[in-house]
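What follows is a set of notes on a single structure, which appears directly below.
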Amino acid sequence: MSSTKKLVKADPKELALKQKKSVLEVHSIANEHIDKNFIARIQSLGTSWRFVFSWLLLATMIVWVLAIQTRALRSYYTEVRPSEGGTYVEGVVGPLTNLNPIYATTPADQAVSRLLFSSLFKYDVDNNLVGDLAESITSDEGASSFTVKLRENLAWHDGSPLDADDILFTVQTIKEPKARSALRGSWQDIEVFSIDSRTIEFKLPGSFSPFKTLLTFGVLPEHLLRDIDPVNLRGSLFNSSEVIGSGPFKLQRIVNVSGSGSDNREQKIQLLANEGHHLGAPRLDAFTFWIAPDRDRLTDLFAEGQLNGASEIDIEDVDVDGLNVQEKVFSLNSGVYLFYKTTSELLSDKELRLAVSQAIDKSDAARSLMRPVQLIDGPLLPEQVGYDETITQVDTDVAAATSKLDELGWVLGADGVREKDGQRLELFITTERDTDYEALAAALVDQLAKVGITVNLDIRDREGFTENVLQNHVYSDMLLYGINIGSDPDVFAYWHSSQADLNSPVRLNLSEYESEQADAALEGGRSRVDPVVRADKYKDFLSAWVADAPALAVYRPQYTYYELKDISGPSGQFLVGQVDRFRDVSSWTVLTDRVPYDEEN
């Protein structure tokens, strides 16, 4: 039996309807997934970002607070310390004339020379003499023979060895008249011998206990200068662009900033640290001297922040707070005196000199300097052997001065000026231009006028003052000037009669003072070794000096040094001379770093 399958033909409309229904179902499912997985999440994105932003803000605040707290607490576990490197720039008023230490005379010369050249001895921050090139010094019982032993392995900047022959050569050059060194007067009677490469012997014509103070001269290299005729040495290129020393710094270059003459030249002297220095390499990488033509220009450079340190500036023209300037004040082992020329017609009278001294109020006159100073009362300083506070010059007493002038026959005239035998009591004060001395001299003129003494000012230029005024005593009656007394009380050069003689090479007895008592005491003071005996001798000298009044001691100069904050420059309280500010230059710094307290220096 067979069966037959019946084929039924689909309705096209129904089929289309089913396809349409199927497509709609797919779209519906797709839309549902889009709404659920995309649109809904987009709608919640704002809420999510607010949540994320809140956490980011909180984390940022935590980090910020921790940074502030850490910075605030740094001072409790760290400290700022000087660090190695950098260049120190010091400003100095020129002119710069000669870098050779046996010719260096201007402040600029002496400053640069001190860093380029070493000496046998130098002063430390307590003004004690300590070895530089020298390792030791010994003397005989009579203090007339001294033996110096040099350190081992000394060298010049060019690598050549430095030995006893260099010391011998330097002293012989100083003593050579043709070389024309200003140091010759102290050495002309001293013999020097080279015993071996490290030993030098000095033989003196007599006992001289302060001899060690003479051994601070800069030592010259024999191998570079021995073939130069002493007559030509002063003009040698060695003294400028070709200088070679053994100091803590060596010359790199000399840069002319502006100007061409000694009165307007501005220069930079750039020095590099001597890494092989016998006392250890400096902490600085370099040192630059900026030589300014005058005080105004130096002040401008400091005010502009071009300098790390300087002294001869007008600080009132500087924004001290803005630059964070610190001031350092040092007492110098010097004295400013009104020297009476005891050989002049009027001031040869001791009683008149005493009257002049009594008429002067030093304290009032010193106010013209516009800064505090330490007044002094004699030829020695308080810390020196032999100083006695009971032996001092006359005090200010205008009434006593007036009476004394009357007794001496100086009668007050109608014009207010005293006269005697038809001669007016008229004197001259000679001093340097553009210095503290000039202002002080003007104050003295006013004071002496009040007792009937007319004083005229004789103001000379600073340049050439030593040669044109001091060496030949070219002043009429009085000289207002400062002298370096030194660390030792041996003031022989300033007050012994031999130092006023025309044949004396330096003639530093500026008062031309003569006294047998003072001469004997000065000779005894320098020839004794025992400090007790020396003190007694200098007390005898003080007594003679006070009685004779060859000068009026006015004040002890102070050296004021201005430096930017966090700069580590000169230190201490006293300086033998201004140039001794460089005694610890190897430890100066310009850079700082913050380090933990327990970290090694």
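Position 246 of the sequence shown, counting from 1, maps to 246 under this note's numbering, and the rest follow consecutively.
Every residue gets a Cβ at the ideal spot worked out from N, C-alpha and C, and that includes glycine.
Closer than 8 Å by C-beta to residue i: which residues in its own chain qualify, once you throw out the five before and the five after it? Chain order, please.
i: F238; result: N100, L224, L225, I228, I244
i: G416; result: A449, G452
i: T288; result: T87, Y88, V89, E90, K268, I269, Q270, L271
i: E432; result: E438, I459, R460, D461, R462, F465, Y481
i: V373; result: A366, Y555, R556, P557, Q558
Spatial neighbours of residue i within its chain, please: CB distance less than 7 Å, with the 5 preceding and 5 following residues excluded, ordered by chain position.
i: R253; result: Q270
i: Y387; result: L380, L381
i: D361; result: T396, Q447
i: H157; result: I244, G245, S246, K250, N274
i: K212; result: F121, L129, I137
i: R526; result: F208, S209, P210, D490, F492
i: G259; result: R265, E266, P293
i: S543; result: I391
i: S83; result: T589, L591, T592, D593
i: R583; result: K122, Y123, D124, V125
i: R418; result: L405, W410, V411, L412, L425, G452, I453
i: D434; result: R462
i: M1; result: A caution first: M1 carries a pLDDT of 41, below 50, which makes its placement in the model too unreliable to give a value.
I'd like to confirm the pairing. Which residues does DSSP put opposite residue i in its beta bridges?
i: D593; result: R81
i: E563; result: G309, Q326
i: N503; result: According to DSSP, which records beta bridges pairwise, N503 is partnered with nothing at all.
i: T138; result: T147
i: R424; result: E419
i: M478; result: Y340, I429
i: E191; result: K203
i: Y88; result: F287
i: Y555; result: V336, L375
i: V219; result: Note: V219 sits in no beta bridge, so no partner.
i: I483; result: G335
Buried or exposed: residue i, going by 16 or more other Cβ atoms within 10 Å of its Cβ?
i: E304; result: exposed
i: V472; result: Here residue 472 is Asn; the residue named in the question, Val, does not match the sequence. It counts as exposed.
i: H277; result: buried
i: Q499; result: buried
i: E90; result: buried
i: G86; result: buried
i: L57; result: exposed
i: E563; result: buried
i: G486; result: buried
i: F217; result: buried
i: N503; result: exposed
i: I167; result: buried
i: I567; result: buried
i: T60; result: exposed
i: V255; result: exposed
i: D501; result: exposed
i: P557; result: buried
i: R353; result: buried
i: R371; result: exposed
i: I62; result: exposed
i: D189; result: exposed
Pull up the CB-CB distance for residue i and residue j, whole angstroms please, since I reckon it's below 8 Å.
i: I376; j: A553; result: 5 Å
i: A179; j: T173; result: 5 Å
i: S113; j: D132; result: Their Cβ separation, rounded to whole angstroms, is 14 Å, which puts S113 and D132 out of contact at 8 Å.
i: N308; j: V590; result: 6 Å
i: Y538; j: A521; result: 7 Å
i: G335; j: I459; result: In fact, because the Cβ distance is near 21 Å, the residues do not count as touching under 8 Å.
i: D477; j: K350; result: Actually they do not touch by this definition, with Cβ atoms about 14 Å apart.
i: V318; j: Q358; result: About 40 Å; that fails the 8 Å criterion.
i: K149; j: R198; result: 6 Å
i: V445; j: L457; result: 6 Å
i: L272; j: A286; result: 5 Å
i: E141; j: R151; result: Actually they do not touch by this definition, with Cβ atoms about 26 Å apart.
i: S331; j: Q573; result: 7 Å
i: Y103; j: S186; result: That pair is no contact at about 15 Å.
Considering only residues of the same chain and omitting the five flanking positions on each side of residue i, which have a CB-CB separation below 6 Å?
i: Q578; result: Y559
i: S586; result: P248, P282
i: E201; result: T147, F193, I195
i: V385; result: P489, P531, R534, A535
i: T4; result: The predicted model places T4 with a pLDDT of 41, which falls under 50 and marks its position as unreliable, so this point remains unresolved.
i: L233; result: A179
Self-check item: beta strand (DSSP E) runs wholly inside the region 510–543, at least 3 long, in chain order
Solution: DSSP runs (the beta strand (DSSP E)) wholly in the region 510–543: none.
Practice problem: Tell me the start and end of each unbroken beta strand (DSSP E) in the region 256–309 that is at least 3 residues and wholly inside, in chain order. | Solution: Fully enclosed beta strand (DSSP E) runs of 3 or longer: 266–273, 286–292.
Quiz prompt | Runs of alpha helix (DSSP H) lying entirely within the region 322–366, each at least 4 residues, in chain order | solution = Given a length threshold of 4 residues, each whole run of the alpha helix (DSSP H) inside the region 322–366 is given here in chain order: 350–359, 362–366.
Self-check item: beta strand (DSSP E) segments (min. 3 residues) lying fully within the region 90–130
Solution: You should have 121–123.
Quiz prompt | 4-residue-minimum alpha helix (DSSP H) runs that sit fully inside the region 368–414, ordered along the chain | solution = 398–407, all fully within the region 368–414.
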